[in-house]
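The sequence shown begins at 0 in numbering that gives the first Met the number 0 and counts up by one.
Glycine included, C-beta positions come from ideal geometry on N, C-alpha and C.
Because the structure is a prediction, the values reported are computed rather than measured.
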Amino acid sequence: MKKRVFGIAFAAVFGLSAGLLGACQPKDETGKYVMPGWSGMDRDDATVAVHDPSIFLDPVSNTYYAFGSHFAVASSPDLYNWTQEVKDNDWQSLYGTAECTSASGVKWPATLRETVELVNPESSTTTTWAPDVEYYDGTYYMYYSLTAGFGKNESAIGRVEAESPLGPYINNTIIVNSVGANHATDPNCIDPELFYDKDGRLWMVYGSSMGGLFIKELYNSGENWGLPKDADAHAYGKKLWSGSKNQEGPFIFYNEATGYYYMMVSYGNLNNTYNMRVARSQNPDGPYEDITGADMATVTGDAGGNKIAGNYIFGDVNGYAAIGHNSVLSKDGKYFVVAHVRRQAGTGVTPGHALYVFQLFFNEDGWPVMNPNRYAGEAVGTGVTTENVSDTYNVVVHSQGTVVDFVQSVPYTFSADGKVTDASSAEVGTWMLSGDYYVTITLSGGDWAGTYKGVVAPSWDMYVNNQLLEGYATFSLTAVSETGRSLWAVGTTAKT
């Protein structure tokens with residue numbers, strides 16, 4: 000299930016997007032780490048395309064669905080074999096063929112007529128953005144956003160209903176809108192995501208860099224489930240993250256083991272600078288702080304949030320970019336990041352939005368760190384030793400801030416004596432294991448200097464070559480520094 004159930008009143012609420020399960024890290028029956036086998040997994044990294052994916056586990060069919068902008072939908076039985084259910088711009092598959100026409104002459108689903116007429120989208124706007132599907136008491140609810148135009152503040156978040164995850168969706172209700180809003184202070188009503196807090200209260204987080212990222216409380220049961228407690232269409236709620244650097248795609252989830260709520264946000268431009276950040280709070284409605292203690296509601300410019308991932312290159316394959324606008328799912332004690340990914344193309348990036356799933360771990364200090372490799376059934380556990388982790392790794396430390404540059408990996412050897420050396424055998428740092436799977440890496444000198452605390456994770460190496468036709472199971476090291484920069488390292492030796 001996707002959400003922790005809080006009492007009988009919430010027994011039907013299994014579909015919410017933020018994971019609340021998992022009091023400890025997963026282990027197999029023996030408690031040993033599990034190396035992935037990639038059994039049946041499609042190695043093509045562009046099998047399905049979903050822009051701004053929001054993950055949903057259907058409690059009826061036990062099928063995973065990723066819903067995205069442009070009406071795209073993909074499904075999976077296991078989070079690594081995916082099927083494209085609805086392609087970009089095929090709104091008829093979700094809403095049926097009945098249509099209405101906007102003032103600019105664009106055809107829209109007839110169900111959305113009220114929202115289309117309110118927002119009055121320009122001719123270049125032909126789609127809803129970033130939907131989030133939830134399940135309550137036998138009904139599927141899709142929360143979507145519709146904007147007047149890219150870069151404009153006139154937007155609305157609405158909700159439609161269906162008897163199955165793939166529709167047809169009907170019964171449109173407008174939840175909140177920013178039509179006629181004060182552009183300097185009010186949010187852009189886009190990118191809705193719902194979550195329950197640990198006490199069973201229901202919230203919606205939303206917004207963009209125009210005005211910032213906000214949170215509103217919704218009814219958590221009964222006939223008003225999922226509707227705002229404040230019915231004023233311009234009651235925006237509380238600001239959690241300032242609108243200082245093209246922020247979008249907020250997502251909040253709770254980890255019972257750490258006692259924190261985590262808010263993930265994407266910064267930058269999809270064409271060249273997109274990057275994923277995270278901050279945390281002990282309360283669902285903040286304040287959210289990053290590893291430096293900065294309050295996200297007051298950050299300015301490019302500050303704010305630990306940087307989970309930016310543009311990077313492992314080895315000699317085409318670089319990876321635009322990892323972000325993610326959702327998070329918890330299942331059987333594991334946490335997963337579901338994000339879109341683009342690839343490097345010359346000085347830019349590819350136009351598509353491939354769907355990727357990465358496992359998310361938490362370091363000794365309760366900060367999330369992400370496996371550099373796509374999820375392939377791996378699990379952390381006991382049995383990790385200095386001897387079997389020792390290896391030459393391709394290492395990336397993600398750049399600081401929102402930048403175009405692709406960080407190129409370098410080979411570092413992590414020796415059993417605790418030393419880290421570069422390709423010339425010069426010592427560049429130290430490393431040590433603690434607990435069952437925690438790792439601390441200290442690098443000295445240069446831009447990457449700092450102490451990084453993270454996790455040793457089994458992985459299937461997806462960087463062996465561009466087409467992923469070959470590969471092997473190995474270890475990855477994933478960690479975050481005291482300044483909020485992520486270190487990723489992928490071993491070069493096959494492990495069993």
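The beta-bridge partner set that DSSP reports for C188 is empty.
Residue environment for E116: exposed (fewer than 16 other C-beta atoms within 10 angstroms of its C-beta). Nearest in C-alpha terms to V72, of all of L486, S60, N88 and P58, is N88. Apart from the 5 residues on each side of it in sequence, A338 sits with its Cβ closer than 6 Å to the Cβ of I322, G323, N325 and Y355 in its chain, given in chain order. The C-alpha of D435 lies about 6 Å from the C-alpha of G380. Here Q407 is bridged, per DSSP, to I312.
With fewer than three CB-CB distances shorter than 8 Å, the stretch 299-315 does not count as touching the stretch 375-391. CA-CA distance, T482 to S75, rounds to 36 Å. Around the beta-carbon of Q407, fewer than 16 other beta-carbon atoms lie within 10 Å, marking it exposed. In the structure shown, the three-state DSSP call for T391 is strand. By alpha-carbon distance to T272, the top candidate from G285, V348, E222 and M461 is V348. The distance from the Cβ of W81 to that of T46 is about 5 Å, consistent with a contact at the 8 Å cut-off. If you look at V340, you'll find it isn't in any alpha helix (DSSP H); it sits in the beta strand (DSSP E) that goes K333 to A344. Look at Y94 here: in three-state DSSP terms it is helix. Shown here, L165 sits in coil according to DSSP, grouped into three states, outside any helix or strand.
According to DSSP, N274 shares a beta bridge with Y266. DSSP, reduced to helix, strand and coil, places N325 within a strand of the structure shown. A Cβ-Cβ separation of about 20 Å leaves Y218 out of contact with L239 under the 8 Å criterion.
When the alpha-carbon of R342 is set against those of P120, Y462, S480 and D57, the nearest one is in Y462. Only exposed fits M431, as fewer than 16 other CB atoms lie within 10 angstroms of its CB. Membership of T62 in the beta strand (DSSP E) is indicated by the continuous run T62 to S68.
Here V132 is actually not in contact with S60; their C-beta atoms are around 13 Å apart, not less than 8 Å. Counting along the chain, the unbroken beta strand (DSSP E) around L217 starts and ends at G211 to L217.
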